[in-house]
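Have a look at the structure below before the remarks.
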Amino acid sequence: MAPGYARRPPPPHRAPIAPVPPFTCGRVRWAVMIPPRDDSAAPPPGWPVTEAGALAVQDRLRDRVVLDEPGPEPGAPLVAVGVDVAYDDARDLVVAAAVALDAGTLEVLEEATAAGPVAFPYVPGLLAFREVPAVLAALERLTVTPGLVVCDGYGLAHPRRFGLASHLGVLTGLPTIGVAKTPFVFAYDAPGPRRGDSAPLLDGAEEVGRALRTQEGVKPVFVSVGHRVDLDRACAHVLRLAPRYRLPETTRAADSLCRRALAAG
DNA sequence: GCGACAG
DNA sequence: ATCTTGTCGC
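So the mapping is simple: the numbering used here equals the position in the first sequence, first residue as 1, plus 30.
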């Protein structure tokens, strides 16, 4: 692991990943987040168990999304962290992975995983409630400080403008973006055929993200802002992280790791 | 009202 | 997401 990257002192379990104003979830106060419990990836006390409860949490947290920061400068030194999860519903098990890469060289700097019970059923628009607890636990186990978190799914491209990437950003305070493989419910025109070509991802007349061609002749990915990053930079980071394949290396590394961890455990 | 619907 | 055979290509 290359020296020169900022590190947080372990153990991180009692310390917030980043200074974020306290908020409450249900009746429970999360200083920023996740917490202690044991060292599992179980959802914290107060994690919603109903759709109505989850909708209420989204409604309460959505205005905490920060959209007026440009985010990390593409080309500058950056620790880009990919997060993803794999499931075994039969065993009520979810495994999350967080893989930190040097955004310049794509070298793997650090890997972490966390396993726990499935926190929520899959409901379109409420994906964060299923994935976030385990993802937070995996992020906490990294010792490098993420400069950008790349999520598998959406941020602002969400019916209530609060997808997984935005949710994770608000909870951690970290800059986040969403990279999805399918366009969810939004409309777009096919981007040009070359790598780097893009077209707006539209909710009516509102651009909620971008269909971005990362490889020539390959279908685009769908990029949206999560938290503390603008859309131009989000796309620039995705392009740089995907020099060879359709999906960014962050996503590929995290996907691979959580699947291996699920199969192993 | 019914279906579609990130992962 | 996950269930899954073979197949084309580097």
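Cβ atoms here follow ideal geometry from the backbone N, Cα and C, with glycine treated the same way. In this text, all values refer to a predicted model and were calculated from it rather than measured experimentally.
Asked                                                                                         : Found
Residue range of the unbroken alpha helix (DSSP H) whose run includes F159                    : 157-170
Cβ-based burial, A266 [other Cβ within 10 Å; buried from 16]                                  : buried
Opening and closing residue of the alpha helix (DSSP H) in which A294 lies                    : 279-294
Same chain, Cβ closer than 8 Å to L261, five either side skipped, listed in chain order       : E237, G239, R240, V253, S254, V255
Range covered by the alpha helix (DSSP H) that runs through A266                              : 261-271
DSSP state of R94 mapped onto helix, strand, coil                                             : helix
Assigned secondary structure, A71 (DSSP; H/G/I helix, E/B strand, else coil)                  : coil
Alpha-carbon to alpha-carbon, A86 and D93                                                     : 13 Å
For A128 and L172, the rounded distance between their alpha carbons                           : 8 Å
Paired residues, beta bridge with E141 - DSSP                                                 : V129
Among V259, G222, L232, the one whose alpha carbon lies nearest that of R243                  : G222
Own chain, CB closer than 6 Å to Y117, minus 5 neighbours either side, in chain order         : V124
Option in A283, A291, A294, A293 with minimal Cα separation from L131                         : A283
Under the three-state DSSP convention, the category T206 falls into                           : strand
Inter-residue spacing [alpha-carbon to alpha-carbon] between P273 and G226                    : 10 Å
Reduced DSSP secondary structure (H/G/I, E/B, other) of A82                                   : helix
At least 3 beta-carbon pairs within less than 8 Å: the stretch 135-142 vs the stretch 207-218 : no
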